[in-house]
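Student:
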Amino acid sequence: MDQLFIIKFLIPLLWAIGFVMAPKQNEKAIKLFALIGSFVVLAYSIKMYADLPDPGQLTELFKFDMPLFFNLTYTFAMDGLSGLLLILNAFLLVMVVIATWEIKTDKLRLYYFLIFSLIWAVNGSLLATSIYGFYIFWEAMLIPLFILVGVFGGENRRYASFKFFLMTAGGSILMLAAMCYMSAMAYKLNGSYDLNYEVIKSLNLRYSGFWSPQSLVFWAFSIAFFLKVPVFPFHSWLPDAHVEAPTAGSILLAGILLKLGIYGFLRFVIPVYPQAVDAYRDIILYLGAIGIIYGALTAWVQKDIKKLVAFSSISHMGFIIMGVFSQNPFAVKGAIFQMVAHGISTPGLFIGVHYLYTRTHTKKMEMYGGLAKVMPRFAVLFFLITAGSMAVPMTCGFVGEFMVIAGTYEINKVVAILAATGIMLSPIYLLKMYHLTALGELHHEENKSLSDISVLEAAPMIVLSVLTILLGLYPKLVTGMFEGTINFFTHSGL
Amino acid sequence: MYENYLALIPFFPLLAFLLNSLLVKNKLNNVKAGLITFLGLFTSFILVILTSMHVMENGPVHVKLWDWMNYKNIVFDIHFVMDQLSVVLCLMVTGIGSAIAFFSIGYMDHEEKVGKFFAFFALFAFSMLLLVLGENFLVLFMGWEGVGLSSYLLIGFWYEHKKNGDAAKKAFLANRVGDFGVVLGMIGYALVFNTLSFRDLQHPDMAVIMANKELLIGSSLLLVLGVTGKSAQIPLFIWLPDAMMGPTPVSALMHAATMVTAGIFLLCRVSNIIVHFSVVLDVIAWIGALTSLLAALIAVTQTDIKKILAYSTVSQLGYMVMACGLGAFSTGLFHVFTHAFFKALLFLCAASVIYGCHHEQNIFKMGGLKNKMPVTFWTFVVGLLAIAGIPGFSGFFSKDEILSMAFTNPGNGIFLYSVGLLSALLTAFYMTRMLCLVFIVKPSHDVHDSHHHHIGEDNGHDAHEIHESPSVMTIPLIILALCSFGAGYVGMPHLLGGHHNSRLFQTFVEKFTAIPTGHHHLSEETEITMMIVTTILILCSMGLAWYIYVKNDHARMRDSLKAKFLGLWMVSNSKFKVDELYETVIIKPLYQVGHFLVDIVETHVVNGVVKLVTKGVNGGGAFLDETKPEKLEMGILYIIIGLTILVTAVFNAFIFS
Chain H
20 MDQLFIIKFL IPLLWAIGFV MAPKQNEKAI KLFALIGSFV VLAYSIKMYA DLPDPGQLTE
80 LFKFDMPLFF NLTYTFAMDG LSGLLLILNA FLLVMVVIAT WEIKTDKLRL YYFLIFSLIW
140 AVNGSLLATS IYGFYIFWEA MLIPLFILVG VFGGENRRYA SFKFFLMTAG GSILMLAAMC
200 YMSAMAYKLN GSYDLNYEVI KSLNLRYSGF WSPQSLVFWA FSIAFFLKVP VFPFHSWLPD
260 AHVEAPTAGS ILLAGILLKL GIYGFLRFVI PVYPQAVDAY RDIILYLGAI GIIYGALTAW
320 VQKDIKKLVA FSSISHMGFI IMGVFSQNPF AVKGAIFQMV AHGISTPGLF IGVHYLYTRT
380 HTKKMEMYGG LAKVMPRFAV LFFLITAGSM AVPMTCGFVG EFMVIAGTYE INKVVAILAA
440 TGIMLSPIYL LKMYHLTALG ELHHEENKSL SDISVLEAAP MIVLSVLTIL LGLYPKLVTG
500 MFEGTINFFT HSGL
Chain P
12 MYENYLALIP FFPLLAFLLN SLLVKNKLNN VKAGLITFLG LFTSFILVIL TSMHVMENGP
72 VHVKLWDWMN YKNIVFDIHF VMDQLSVVLC LMVTGIGSAI AFFSIGYMDH EEKVGKFFAF
132 FALFAFSMLL LVLGENFLVL FMGWEGVGLS SYLLIGFWYE HKKNGDAAKK AFLANRVGDF
192 GVVLGMIGYA LVFNTLSFRD LQHPDMAVIM ANKELLIGSS LLLVLGVTGK SAQIPLFIWL
252 PDAMMGPTPV SALMHAATMV TAGIFLLCRV SNIIVHFSVV LDVIAWIGAL TSLLAALIAV
312 TQTDIKKILA YSTVSQLGYM VMACGLGAFS TGLFHVFTHA FFKALLFLCA ASVIYGCHHE
372 QNIFKMGGLK NKMPVTFWTF VVGLLAIAGI PGFSGFFSKD EILSMAFTNP GNGIFLYSVG
432 LLSALLTAFY MTRMLCLVFI VKPSHDVHDS HHHHIGEDNG HDAHEIHESP SVMTIPLIIL
492 ALCSFGAGYV GMPHLLGGHH NSRLFQTFVE KFTAIPTGHH HLSEETEITM MIVTTILILC
552 SMGLAWYIYV KNDHARMRDS LKAKFLGLWM VSNSKFKVDE LYETVIIKPL YQVGHFLVDI
612 VETHVVNGVV KLVTKGVNGG GAFLDETKPE KLEMGILYII IGLTILVTAV FNAFIFS
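Shown next, in the form of structure tokens:
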């Protein structure tokens with residue numbers, strides 16, 4: 020057990036509180052404070068991962084008893100997977116702070132407060148292994164993002180933020196109900212309502228058809244996670260939220276928050292409800308495959324660039340959910356890799372969109388065109404990131420998709436073939452986006468005087484592009500981090 | 012030592028790419044940018060020669076760089092090999108690549124963004140070397156898509172014009188359809204053989220093949236889909252003619268000599284497996300034969316010099332694919348080898364002509380260049396004789412062997428032979444037509460259907476300014492012309508080469524590929540007769556073109572012919588409307604589906620459920636909101652009753668049962 024854990028864990032929250040107390044006038048200092056904070060969070064995340072004795076095992080970091088409150092315990096533990104996502108989360112925080120450095124708002128302190136508390140809540144749900152702890156942080160994530168979208172968002176932000184909040188919270192209620200039931204079962208078994216990780220794994224709910232407890236609890240959890248990922252057809256909040264969210268919100272939403280749904284499946288569903296996973300695997304595989312095609316086709320006809328990227332997310336998340344549920348070790352590994360790859364390419368695209376929007380004040384792609392002429396630096400970096408999203412080999416996007424398709428092919432050929440059509444479909448919408456944006460004639464008079472991105476603005480895109488290529492060439496850099504945990508996420512039923 | 016050479020071969024083009032792309036800001040001058048890429052390629056060329064000498068004597072050289080991923084006992088590693096197949100392709104890529112890079116220094120002299128051009132050029136060479144040196148499917152596929160990507164970048168080099176961008180996108184998408192096949196095919200192979208290494212796939216276990224027949228046939232057909240994408244065969248050939256939007260030297264290297272032959276290379280790599288499935292071979296052979304004929308038919312009526320060459324490339328690729336389908340993989344690769352020289356030569360001649368004529372590409376607006384551009388003219392003649400298959404020139408040897416392989420193939424060989432012969436005749440015809448119109452006849456100015464495919468100066472065509480290209484361009488032409496003449500002698504038929512000097516190339520390659528089996532034996536007399544008859548027919552076809560375009564007033568002759576065969580002419584000129592067909596049958600409906608999903612499914616179904624729930628909640632709220640207190644009480648009562656029933660039911664069902 021790590022004595023300093025609680026301090027390390029609270030750093031983002033402390034930093035967030037720091038913004039509340041910061042003097043309002045000095046914008047530069049606030050921004051600098053945020054930048055330092057983001058690097059501190061990144062450093063301790065890496066340190067925490069490095070300190071793990073064995074990334075393949077779940078290592079308990081901290082335990083917190085509440086004897087007066089139904090004898091519940093809150094456990095924090097970490098393994099390679101949560102460590103990886105912890106680092107991704109902190110890394111995206113750095114990206115967000117740098118990419119939105121030039122942000123103009125009179126609520127700067129609120130802005131950073133929300134971002135840091137969001138990061139903290141994500142860290143909390145990644146580390147909590149008792150299900151009540153997970154649930155608390157899971158719900159806590161909603162609040163900062165809700166306010167972030169609601170305050171800093173676009174024109175239709177109220178609608179979007181409410182929709183996002185209510186839909187994901189609605190899913191969580193199902194999860195809560197299932198948790199109550201599980202608590203009751205735990206009480207029968209152990210005489211305690213506590214639901215720490217060992218307890219949930221030992222519950223062994225009865226499975227016999229759809230109306231049996233394991234199946235119902237499985238679906239309650241699944242629907243909550245489906246809504247978060249989001250899996251087709253539970254995605255209706257995502258395009259709205261992305262379009263209205265400020266860039267910071269979009270980056271964190273696509274980069275890490277969606278992955279929390281997948282993380283939930285890996286941690287709290289797959290090892291816990293083996294028979295239900297087996298029984299409903301095919302349905303979910305098909306949902307994933309349909310999501311890939313649906314997301315691609317709907318992305319293709321969009322006129323709003325941010326909406327296009329949002330729908331492309333649905334398509335990419337289809338691969339991940341498919342990989343996870345194929346229960347083939349290779350595909351699961353690929354799905355986890357794809358979480359990272361998507362966490363690099365989609366934030367990169369959103370950063371690009373951010374630069375376009377701050378310059379042209381529109382997200383309609385027809386208002387761009389030929390920008391490579393005036394913004395060559397942007398055009399090159401944006402292309403590299405688009406290529407990553409398009410899953411060109413030698414970029415990170417390819418690794419995950421290839422592994423998922425290959426792994427799934429062994430389990431269910433039809434689904435794998437459906438998913439592979441994503442290879443044909445992804446360039447259709449991504450190249451459409453790139454061509455409408457950067458290529459062609461520079462026909463809008465007002466675009467002729469646009470300035471290229473500055474070195475500071477280019478920095479996050481450069482980092483993301485380099486990672487795109489590096490991970491494409493040497494994927495073991497990431498897979499090595501969580502390789503040992505794969506056995507926990509593929510149950511022995513196969 | 013050779014391991015290090017091998018690892019360095021793709022490295023130098025990569026270095027050239029990085030130098031050119033990172034120094035772009037510092038405004039390298041055009042010649043320096045070109046020299047970087049040329050030197051990168053040329054250094055690799057020397058290394059290839061050194062390594063290949065070693066390979067010819069001692070067998071393949073391997074170098075394993077790092078593990079990419081592993082799955083069960085399948086290792087996906089970054090692993091290069093120089094074996095009999097890679098030797099051939101490597102020599103072509105780096106050798107012809109260097110010549111074309113050198114040529115480009117002259118050709119791109121007056122352009123802007125030359126650094127970018129040479130960066131992409133080097134990126135292409137790097138990817139192509141990955142493709143041919145890859146020891147397993149994974150590295151091959153990295154190169155496979157890498158060449159697709161660099162081809163996309165180069166086709167869209169003048170991206171300001173939407174047409175160029177569209178052509179680039181089309182090329183990438185068509186290739187991606189093929190890649191869909193390659194990915195699935197490769198996964199299928201991996202699962203059956205538990206390996207992706209070509210060394211293991213060269214000697215597959217027959218028992219495994221027989222046990223997984225259906226899966227392997229399916230996977231092989233998916234790979235064939237990939238081949239049709241990269242090598243521009245039916246049904247995916249449509250991208251190649253449009254790819255001519257890129258700078259012409261690039262068309263010479265990628266869209267004629269090397270990249271498009273990757274499909275044939277892939278077939279050779281898996282030849283030892285697909286050779287066991289006659290259905291797959293038949294599909295390949297027919298795809299090749301029909302593509303060859305279709306493209307030749309289209310080429311006959313085109314007016315753009317690069318489009319003609321593009322369709323000619325499609326047609327020749329069809330030949331190579333047909334050879335593979337006949338089980339004669341080594342012969343197919345031999346045609347890849349000879350074709351690389353003469354097609355690169357023809358394209359560079361076209362580039363020289365276009366350069367000399369200030370970016371005019373319509374052959375009807377050219378004419379009489381014979382005296383103004385003598386080097387270009389004579390080298391073009393060599394290229395023409397080679398592609399037409401005149402004895403003594405390289406194309407003759409490879410084409411003749413493919414035709415005789417078709418002729419002796421059991422089953423439907425005779426049909427394939429007829430189709431092949433017909434497209435050979437058409438090839439001789441349209442190439443002679445091009446020669447006549449560009450170099451020999453006087454220019455005519457009454458043609459209105461001009462095609463300005465190239466961007467830039469629209470400063471019409473002025474006969475006085477036409478000049479021979481500088482020697483930086485003519486030297487590569489002469490080198491390629493010599494090769495186009497001589498390259499065939501490494502693969503002479505038994506009849507001409509005797510036992511010691513015949514089929515040297517093929518025998519070398521057959522150390523890796525499958526060996527043709529089951530063909531009838533041809534007597535020497537038949538073989539000679541066939542050669543002579545074919546040659547006479549080809550000469551007649553060339554004579555016919557000469558008669559129509561030189562002996563007569565070609566404009567009038569053309570009109571009268573056009574009037575006579577208007578239907579045929581229209582079909583050929585409109586390229587069989589394949590583009591339009593795909594547009595209406597696939598792309599538009601798919602786009603409509605997208606619209607349907609967004610307008611109907613997304614709004615009314617996916618969001619509809621959400622709205623319905625919202626409405627229900629609103630309705631319930633409105634009901635409770637009514638001011639009458641008894642109604643509120645009733646509401647609360649309903650909720651309590653409902654909850655009680657629910658909780659009791661749940662507990663009864665699960666806990667106390």
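The listed protein sequences derive, respectively, from chains H and P. Numbering of the first sequence is given in this note's numbering, commencing with residue 20 and proceeding in unit increments. Numbering of the second sequence is given in this note's numbering, commencing with residue 12 and proceeding in unit increments. Note that the Cβ used here is the ideal one computed from N, Cα and C, for glycine as well.
For methionine 500 of chain H, does the count of other Cβ atoms within 10 angstroms reach 16, so buried, or fall short, so exposed?
Tutor: Position 481 of the first sequence, counted from the start, is the residue given in the question as residue 500 of chain H. Flag for methionine 500 of chain H reads buried.
Student: In the DSSP assignment, the beta strand (DSSP E) including leucine 91 of chain H goes from what residue to what residue?
Tutor: Here residue 91 of chain H is taken as the residue at index 72 of the first sequence, counted from 1. Residues 91 to 97.
Student: Just tell me which of H/Glu174, H/Ala273, H/Phe135, H/Tyr68 has its CA closest to the CA of alanine 159 of chain H.
Tutor: Taking the first residue of the first sequence as position 1, residue 159 of chain H is located at position 140. Checked all of H/Glu174, H/Ala273, H/Phe135, H/Tyr68; the closest Cα to alanine 159 of chain H is H/Phe135.
Student: Just reading off the alpha helix (DSSP H) that lysine 173 of chain P is part of, what are its end residues?
Tutor: Walking along the second sequence from the start, residue 173 of chain P turns up at place 162. Where lysine 173 of chain P is concerned, the enclosing alpha helix (DSSP H) stretches over 173 to 204.
Student: Closer than 9 Å, Cβ to Cβ, to anything on chain H: give me those residues from the region 155 to 177 of chain P, in chain order.
Tutor: Of all residues in the region 155 to 177 of chain P, Trp155, Glu156, Gly157, Gly159, Leu160, Tyr163, Leu164, Gly167, Tyr170, Glu171, His172, Lys173, Asn175, Gly176, Asp177 have a Cβ within less than 9 Å of some Cβ in chain H.
Student: Return the residue from the list P/Ile60, P/Phe56, P/Pro260, P/Val188 that minimises the CA-CA distance to methionine 484 of chain P.
Tutor: The residue given as residue 484 of chain P occupies position 473 in the second sequence. Out of P/Ile60, P/Phe56, P/Pro260, P/Val188, P/Pro260 has the C-alpha closest to the C-alpha of methionine 484 of chain P.
Student: Name the chain P residues whose beta carbon is nearer than 9 Å to that of proline 249 of chain H?
Tutor: Working through the first sequence from its first residue, we reach residue 249 of chain H at position 230. By Cβ distance, chain P contributes nothing, its closest Cβ being about 10 Å from proline 249 of chain H, past 9 Å.
Student: Can leucine 164 of chain P and methionine 153 of chain P be called in contact, C-beta distance under 9 Å?
Tutor: For the purposes of this step, residue 164 of chain P is taken as residue 153 along the second sequence, with counting starting at 1. For the purposes of this step, residue 153 of chain P is taken as residue 142 along the second sequence, with counting starting at 1. Not in contact: leucine 164 of chain P and methionine 153 of chain P (Cβ atoms no closer than 9 Å).
Student: According to the neighbour-count rule (16 or more other Cβ atoms, all chains shown, within 10 Å of its Cβ), is glutamine 22 of chain H buried or exposed?
Tutor: Here residue 22 of chain H corresponds to residue number 3 of the first sequence, with the count starting at 1. That one is exposed.
Student: Measure the Cβ-Cβ separation of phenylalanine 183 of chain H and valine 170 of chain H and say whether it is below 9 Å.
Tutor: The count along the first sequence starts at 1 and reaches residue 183 of chain H at position 164. The count along the first sequence starts at 1 and reaches residue 170 of chain H at position 151. For phenylalanine 183 of chain H and valine 170 of chain H, no; Cβs fall outside 9 Å.
Student: Touch check for the region 329 to 337 of chain P and the region 399 to 414 of chain P: three-plus C-beta pairs under 8 Å?
Tutor: These segments touch.
Student: Just list the residues that DSSP pairs histidine 90 of chain P with in beta bridges.
Tutor: Looking up residue 90 of chain P in the second sequence gives position 79. According to DSSP, which records beta bridges pairwise, histidine 90 of chain P is partnered with P/Lys75.
Student: Is there contact here, the region 14 to 29 of chain P with the region 47 to 64 of chain P, by at least three beta-carbon pairs under 8 Å?
Tutor: In short, these stretches touch, since the Cβ pair count reaches three.
Student: Note down the Cα distance separating leucine 531 of chain P from histidine 505 of chain P, rounded to an integer number of angstroms.
Tutor: Start at 1 with the first residue of the second sequence, and residue 531 of chain P comes out as number 520. Start at 1 with the first residue of the second sequence, and residue 505 of chain P comes out as number 494. Rather than leucine, the amino acid found at residue 531 of chain P in this sequence is histidine. If you take the alpha carbons of histidine 531 of chain P and histidine 505 of chain P, they lie about 15 Å apart.
Student: Expressed to the nearest angstrom, what Euclidean distance is found between the alpha-carbon atoms of valine 286 of chain P and proline 252 of chain H?
Tutor: Numbered from 1 along the second sequence, position 275 holds the residue referred to as residue 286 of chain P. Numbered from 1 along the first sequence, position 233 holds the residue referred to as residue 252 of chain H. Near 45 Å, if we compare the C-alpha coordinates of proline 252 of chain H and valine 286 of chain P.
Student: Compute the distance between the beta-carbons of serine 269 of chain H and serine 445 of chain H, then report whether it is under 9 Å.
Tutor: As a first step, residue 269 of chain H is located in the first sequence; it is residue number 250 there, counting from the start. As a first step, residue 445 of chain H is located in the first sequence; it is residue number 426 there, counting from the start. No. Outside cutoff.
Student: Less than 9 Å between CB atoms is the rule here; does phenylalanine 183 of chain P satisfy it with respect to chain H?
Tutor: Taking the first residue of the second sequence as 1, we reach residue 183 of chain P at position 172. Interface residue, yes.
Student: Leaving out five residues on either side along the sequence, give the residues of the same chain with a beta carbon under 7 Å from the beta carbon of alanine 185 of chain P.
Tutor: Translated into positions along the second sequence, residue 185 of chain P becomes position 174. The answer, listed in chain order, is Gly240, Leu247, Ile249, Trp250.
Student: Quick check: what's the CA-CA separation for glycine 143 of chain H versus phenylalanine 28 of chain H?
Tutor: Locating residue 143 of chain H in the first sequence gives position 124, where the first residue counts as 1. Locating residue 28 of chain H in the first sequence gives position 9, where the first residue counts as 1. Each residue's alpha carbon lies about 8 Å from the other.
Student: Given that isoleucine 611 of chain P touches chain H, what residues does it touch there, using C-beta distances under 8 Å?
Tutor: Locating residue 611 of chain P in the second sequence gives position 600, counting from the first residue. Those within 8 Å of isoleucine 611 of chain P in chain H number zero; the least Cβ separation is about 11 Å.
Student: Who are the near neighbours of glutamine 357 of chain H in its chain, counting only those whose CB is closer than 6 Å to its CB and skipping five residues on each side?
Tutor: Numbered from its first residue, the first sequence carries residue 357 of chain H at position 338. Here the set comprises Phe338, Ile339, Gly419.
Student: If we ignore side chains and look at the alpha-carbon of each, how far apart do histidine 464 of chain P and glutamine 372 of chain P end up?
Tutor: Locating residue 464 of chain P in the second sequence gives position 453, counting from the first residue. Locating residue 372 of chain P in the second sequence gives position 361, counting from the first residue. Confidence in histidine 464 of chain P is poor, its pLDDT being 43 and thus under 50, which makes the residue's placement unreliable; the coordinate value appears in the next sentence. The straight-line gap from Cα to Cα measures roughly 7 Å.
Student: Taking C-beta pairs closer than 8 Å, name the residues in chain H that glutamate 201 of chain P reaches, listed in chain order.
Tutor: Start at 1 with the first residue of the second sequence, and residue 201 of chain P comes out as number 190. According to the sequence shown, residue 201 of chain P is alanine rather than glutamate. Neighbours of alanine 201 of chain P on chain H, chain order: Ala425.
Student: By the 7 Å beta-carbon criterion, what residues does the region 429 to 449 of chain H contribute toward chain P?
Tutor: Going along the region 429 to 449 of chain H in chain order, one finds Glu429, Ile436, Ala439, Thr440, Ile442, Met443, Pro446, Ile447 with a Cβ nearer than 7 Å to chain P.
Student: Out of P/Glu536, P/Ile319, P/Val311, P/Glu479, point me to the one whose CA is closest to lysine 383 of chain P's CA.
Tutor: For the purposes of this step, residue 383 of chain P is taken as residue 372 along the second sequence, with counting starting at 1. It is P/Glu479 whose Cα lies nearest to the Cα of lysine 383 of chain P.
Student: Cα-Cα, which of P/Gly509, P/Leu76, P/Val271 is closest to leucine 100 of chain P?
Tutor: In the second sequence, counting from the first residue as 1, residue 100 of chain P sits at position 89. It is P/Val271.
Student: Can you confirm whether tryptophan 250 of chain P, when its beta carbon is compared against all beta carbons of chain H, has any partner nearer than 9 Å?
Tutor: What you label residue 250 of chain P is simply residue 239 of the second sequence in a count that begins at 1. It does not: the Cβ of tryptophan 250 of chain P has no partner Cβ on chain H nearer than 9 Å.
Student: I need the DSSP call for histidine 462 of chain P, collapsed to helix, strand or coil.
Tutor: As a first step, residue 462 of chain P must be located in the second sequence, where it is residue number 451. With a pLDDT of 43 at histidine 462 of chain P, under the threshold of 50, the modelled position of this residue cannot be trusted, and the question is left open.
Student: Looking at the C-beta of methionine 413 of chain H, does it have a partner C-beta in chain P at a distance below 9 Å?
Tutor: Taking the first sequence and counting its residues from 1, one reaches residue 413 of chain H at position 394. Judged by the 9 Å Cβ criterion, methionine 413 of chain H is in contact with chain P.
Student: Which residues in the same chain as threonine 504 of chain H place their Cβ atom closer than 6 Å to its Cβ, once the five residues preceding and following it in sequence are excluded?
Tutor: The residue labelled residue 504 of chain H in the question sits at position 485 within the first sequence. Excluding residues within five positions, the ones whose Cβ falls inside 6 Å are Gly75, Asp98, Gly99, Leu100.
Student: Using a Cβ-Cβ distance under 9 Å, would lysine 325 of chain H count as near chain P?
Tutor: For the purposes of this step, residue 325 of chain H is identified with residue 306 of the first sequence, where counting begins at 1. So no, lysine 325 of chain H is outside the interface.
Student: Which residue from H/His254, H/Gly491, H/Ala360 puts its Cα closest to that of threonine 187 of chain H?
Tutor: Here residue 187 of chain H refers to the residue found at position 168 when the first sequence is read from its first residue. Considering only alpha carbons, the answer is H/His254.
Student: If you reduce the DSSP assignment to three classes, tell me which class threonine 78 of chain H lands in.
Tutor: Position 59 of the first sequence, counted from the start, is the residue given in the question as residue 78 of chain H. Correct three-state label for threonine 78 of chain H: strand.
Student: In three-state terms, what does DSSP make of methionine 85 of chain H?
Tutor: Counted from its first residue, the first sequence places residue 85 of chain H at position 66. Methionine 85 of chain H: strand per DSSP, three-state reduction.
Student: Have a look at P/Glu171, P/Gly422, P/Val188, P/Ile166 and flag the residue whose alpha-carbon is nearest the alpha-carbon of proline 395 of chain H.
Tutor: In the first sequence, the residue the question calls residue 395 of chain H occupies position 376. Checking every option, the nearest Cα to that of proline 395 of chain H belongs to P/Glu171.
Student: Got a sec? Which residues, its chain only, sit under 6 Å from asparagine 215 of chain H by beta carbon, not counting five neighbours each side?
Tutor: As a working mapping, residue 215 of chain H is identified with position 196 in the first sequence. Here the set comprises Thr92, Thr94, Ser149.
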